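Only one structure is covered here, and it is reproduced in the block below.
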Amino acid sequence: MKTWLIAPIAIPLATATLLVLGFSTPRRQHAVAFAGTLALAVAAIALLLGVEREGILVVQAGGWAAPFGITLVADHLGAAMVMVTAVIGLATVVFAAGEVDEPRMRFGFAPLVQVLLAGVCGAFLTGDVFNLYVWFEVMLIASFALLAIGGGREQLDGALKYVALNLISTLLFLSGAGLLYGMAGSLNMADLHQRLPALGQPGLIAAVAVLFLLAFGIKAALFPVFSWLPASYHTPPVAVSALFAGLLTKVGVYALIRFFTIIFPREQIGLDGVLVVVAALTMVTGVLGAAAQSEFRRILGFHIVSQVGYMVMGLALGSPLALAGAIFYTLHHIIVKANLFLLSGISKRLSGSFELARSGGLYTRAPFVAVLFLIPAFSLAGFPPLSGFWAKLLLVQAALELAQWWVVAALVVVGLLTVYSMTKIWAEAFWKAHPDGDAAWREPLAGRERVLLLGPVIALALITVWIGLWPAPLFELARAAAAELLDPTAYVAAVLGGGTP
Amino acid sequence: MEALLALLIGALVAASVYLMLSRHVVRFLFGLVLFSNAVNVLLLTAGRVRWGAPPLVPEGLEVPLEAVANPLPQALILTAIVIGFGLLAFALVLSVRGVDALGTADLDAMRAAEPRADAAAKEPR
Chain A
1 MKTWLIAPIA IPLATATLLV LGFSTPRRQH AVAFAGTLAL AVAAIALLLG VEREGILVVQ
61 AGGWAAPFGI TLVADHLGAA MVMVTAVIGL ATVVFAAGEV DEPRMRFGFA PLVQVLLAGV
121 CGAFLTGDVF NLYVWFEVML IASFALLAIG GGREQLDGAL KYVALNLIST LLFLSGAGLL
181 YGMAGSLNMA DLHQRLPALG QPGLIAAVAV LFLLAFGIKA ALFPVFSWLP ASYHTPPVAV
241 SALFAGLLTK VGVYALIRFF TIIFPREQIG LDGVLVVVAA LTMVTGVLGA AAQSEFRRIL
301 GFHIVSQVGY MVMGLALGSP LALAGAIFYT LHHIIVKANL FLLSGISKRL SGSFELARSG
361 GLYTRAPFVA VLFLIPAFSL AGFPPLSGFW AKLLLVQAAL ELAQWWVVAA LVVVGLLTVY
421 SMTKIWAEAF WKAHPDGDAA WREPLAGRER VLLLGPVIAL ALITVWIGLW PAPLFELARA
481 AAAELLDPTA YVAAVLGGGT P
Chain B
1001 MEALLALLIG ALVAASVYLM LSRHVVRFLF GLVLFSNAVN VLLLTAGRVR WGAPPLVPEG
1061 LEVPLEAVAN PLPQALILTA IVIGFGLLAF ALVLSVRGVD ALGTADLDAM RAAEPRADAA
1121 AKEPR
């Protein structure tokens, strides 16, 4: 069973190696990448089932016992995140086969995607702070290259800003890790959970916690350090945008959830108030930024910011229900947001532009695509019976239970404003006639391209509807993950092996 | 010794922040280089500095006789240096390409991805 824990990291790395070594034609590269990602999905399912059956799984790398070696841990949260990573990986690999041009394939697009997936899975499965830093770097260098390759002016501009701010973020992360080690003498997450409260230096721990909050806040695109995201996410090919939009900011959210539940003793450092305010401001600025945009992907980019606010709000509220809501929100959002980005690509392919003013008429030309757009768009805004409704409902219910009335108000109002900008996309790209008339219309999707572009979108939309109609399994998963995080006794026992102090 | 290193870290970070606040790409990158070095010294200092005591275990024993330097921070720093070198090399190449393509090294003037509203209205894409 334990080998499944290594598989989500090993499979993408092996696939990347294969892709680098051979398979020169783009079509073969796509085939190998698809096979590798499919294997990743199988491994992720096996891992999730294993965690469901046997509880938290642990592998001590090289046989060095924790806290001395590097520990790989799969709990409910980690396994669930690996699962959605595989789903998004699969969707974008298929979409890329229909979208990414040949020069980019020759520059190593396919292996870079696999390295990115390995980095993301590694970040979700590690139980060690410094190892998390290393996986972040693996993920980052792959994302830098994916953002920059084959790019013209816009892409290089976006990549520069993305690279600059992410480098600052990793350096803050690294200094936090150094100080944490200086204080506690350990970087194993379970070990830190035991050592930090015993130190009796809440002020010092809070200062280090703020370093981590800032570092992961930049990654997750929290207010006020989100500006790199809307500056860069709309520049690369759509498959890359979707992969980044689904996964990368959510790795930051994941790290925040992990650090501010297991590692830092929250009642000692007292940062909950800060988190609530930051989350609320993130929600509001994101949605207002989206309302001011008029380009398909930039609207979606600002919506990522706003939605990340929801997830962090769940973490900030801190009750078991709120945390379960945050995890549910993260899992649902990854699927919905990646899907919306893929749809923006189809819209561009059919109408010729991401600029809403220069596109239109999709509703009459491609009614099926229009229906496909409505599913994730309404889910993002929180319409029943789609997945986003349940995610928002959980958070609102948690805020009501805690009597945080203004948080409830923010959650609801931001939801309404989300509807506003989704309506804007609908009215501009789908409903109104194309400004350039029929001449601007590109040829309709057909044959292989139709399957490759629409297939992933349909699959992700079906998942959204499925979660919406039958939310119980995902909710139980989120609740189990939240319970493990809020009472890490089982996590600590699994990692450190028995109740050694 | 620790106090001296702490001051050094402070000076390095101050200089790097000053450089990073500049709008010129190359100065920004130099700031980043200084910052990453400051963090490496921070890792060393946080792991406790011990003068002239290599972490060697005498033959026949399983633990060293007296307190020795902590090897773990050094391993962490080595990893961080290698990763930092790779990332900075990439950033440097990217900025050369960026400056070539965008025709400016002024970060504020790089607005290809986010054109101002009036500029976007003038040049249709």
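Taken in sequence, the protein lines are chains A and B. Sequential numbering from 1 applies to the first sequence in this note's numbering. Sequential numbering from 1001 applies to the second sequence in this note's numbering. Even for Gly, the Cβ is constructed at its ideal location relative to N, Cα and C. Remember, it's a predicted structure, so these values are computed and weren't measured experimentally.
Between the alpha carbons of T92/A and R27/A lies a distance of about 15 Å.
With respect to A290/A, F302/A sits close: the two C-beta atoms are nearer than 8 Å.
Look at the beta carbons and you see the region 220 to 228 of chain A touching the region 276 to 291 of chain A: at least three pairs across the two are nearer than 8 Å.
Bridge partners of D1106/B according to DSSP: H1024/B. R1050/B does not reach chain A, its nearest Cβ partner there being about 14 Å away, counting only Cβ pairs nearer than 7 Å. Going by beta carbons, H332/A and G246/A fall outside the 8 Å limit. Contact note: V1063/B does not reach chain A at a C-beta cutoff of 9 Å; the least C-beta distance is about 14 Å.
Looking only at V113/A, M422/A and T126/A, the smallest Cα-Cα distance to A292/A is reached by M422/A.
The beta carbons of L395/A and G325/A sit about 4 Å from each other, so the pair counts as a contact at 8 Å. For V59/A, the secondary structure class from DSSP, reduced to helix, strand or coil, is strand.
For V73/A, the uninterrupted beta strand (DSSP E) run begins and ends at T71 to A74, by DSSP.
Check the Cα spacing between H1024/B and each of P1071/B, E1114/B and A1105/B: the tightest is with A1105/B. Contacts with chain B at 8 Å (Cβ-Cβ) do not include L411/A.
Within its own chain, the residues whose Cβ lies closer than 6 Å to the Cβ of A7/A, once the five positions on either side in sequence are excluded, are A43, listed in chain order.
Between I9/A and A118/A, the gap from beta carbon to beta carbon is short of 8 Å. Rounded to the nearest angstrom, the gap between the Cα atoms of L174/A and Y133/A is 7 Å. When DSSP states are grouped into helix, strand and coil, N1070/B belongs to the coil group. By the criterion of a C-beta distance shorter than 6 Å, K348/A is surrounded in its chain by F354, once the five residues flanking it on both sides are discounted. With a beta-carbon spacing of about 16 Å, I168/A and T249/A fall beyond the 8 Å limit used to define contacts. Listed along the chain, the chain B residues whose CB falls inside 7 Å of the CB of S175/A are V1039 and L1042. Nearest to E484/A by C-alpha distance, out of H76/A, A429/A and L275/A, is H76/A. Not flagged as an interface residue toward chain A: S1022/B, since no C-beta distance is shorter than 8 Å. Listed in chain order, the alpha helix (DSSP H) elements of length 4 or more contained wholly in the region 440 to 481 of chain A are 447 to 469. Annotated three-state conformation of D487/A is coil, per DSSP. Only exposed fits F68/A, as fewer than 16 other CB atoms lie within 10 angstroms of its CB. For E1062/B, the secondary structure class from DSSP, reduced to helix, strand or coil, is coil. Rounded to whole angstroms, the separation of the alpha carbons of E401/A and T418/A is 24 Å. Rounded to whole angstroms, the gap between the alpha carbons of L140/A and A16/A is 16 Å. When C-alpha distances from H434/A are compared across M311/A, G127/A and L350/A, the shortest belongs to L350/A.
Considering only E99/A, T37/A and R442/A, the residue with the shortest C-alpha distance to G89/A is T37/A.
The residue among Q307/A, P230/A and C121/A with its C-alpha nearest the C-alpha of G78/A is C121/A. When DSSP states are grouped into helix, strand and coil, E295/A belongs to the strand group. For A159/A, the nearest beta carbon of chain B is closer than 8 Å to its own beta carbon. Against chain B, the CB of V225/A has no partner CB under 8 Å away; the residue lies outside that interface. Under the criterion of beta carbons closer than 8 Å, E137/A and T170/A qualify as touching, at roughly 7 Å.
With distances taken between CA atoms, H193/A lies nearest to I263/A out of F124/A, I263/A, V238/A and R442/A.
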